[in-house]
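Asks:
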């Protein structure tokens, strides 16, 4: 009976020891730091903004503002924020430069086309004038665009390769009078040469077929 009691005691102690050993072998539960996760995500998002070439400037600014609103103090996060801000500033400067360049080209084109369009309008008003007085008034206005009434007008009547063949030269005064008398559409404007004051010193036309 005594032996039986000893056996039970030894068995109990053995089981207890196994439990203790088992408990020691179990790994401690991993503790998740929410702040560390936020910082890691912020770093990843900032690096993505640095490398992204598809998003608009406005979208990048919105995403950057959201990250800055977290008020993180991690040095690497702050460094990445500064890099993204620098990149966005450079992109905005380049976008502004391109926009100004586009506007400049449009303005130059408008200036170049303005005299041609104005001259076309005068040609049409002279050819379609309801009276001689109206035609003469338009002729006088049109002549203000030229260096003098004797400004040469050259009219291309054909092309030999890339070499033009011209009709007999005339003057702008005579050409405008011709439009008034014939009441026909003007020939196409091929080229306009200006002097330093912006006045037309030579006009080249292409004969209408």
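Residue numbers (our numbering): 1 to 209.
Note that the Cβ used here is the ideal one computed from N, Cα and C, for glycine as well.
Which value, in whole angstroms, describes the spacing of the CA atoms of residue 59 and residue 113?
Replies: So the two alpha carbons sit approximately 39 Å from each other.
Asks: Report the three-state DSSP secondary structure of residue 201 (helix, strand or coil).
Replies: Three-state DSSP puts residue 201 in a strand.
Asks: Skipping 5 residues on each side, what residues in its chain have a beta carbon closer than 7 Å to that of residue 152?
Replies: Cβ within range, chain order: 169, 171, 202.
Asks: If the criterion is Cβ atoms closer than 8 Å, does the pair residue 181 and residue 207 meet it?
Replies: Contact: no.
Asks: The alpha helix (DSSP H) that contains residue 143, what's its start and end?
Replies: Its alpha helix (DSSP H) spans residues 132-143.
Asks: Could you give the distance in angstroms between the alpha-carbon of residue 108 and the alpha-carbon of residue 178?
Replies: Near 32 Å, if we compare the C-alpha coordinates of residue 178 and residue 108.
Asks: Between residue 129 and residue 135, how many whole angstroms is the CB-CB distance? I'm expecting something under 8 Å.
Replies: Rounded, the Cβ-Cβ distance is 4 Å, consistent with contact.
Asks: Is DSSP giving residue 33 helix, strand or coil here?
Replies: It is coil, neither helix nor strand.
Asks: Have a look at 111, 57, 101, 79 and flag the residue whose alpha-carbon is nearest the alpha-carbon of residue 198.
Replies: Nearest option by C-alpha distance: 111.
Asks: On the DSSP bridge list, what partners appear for residue 243?
Replies: Given that the chain is displayed from residue 1 to residue 209, the structure contains no residue 243 and the question cannot be resolved.
Asks: DSSP on residue 206, reduced to helix/strand/coil?
Replies: Correct three-state label for residue 206: strand.
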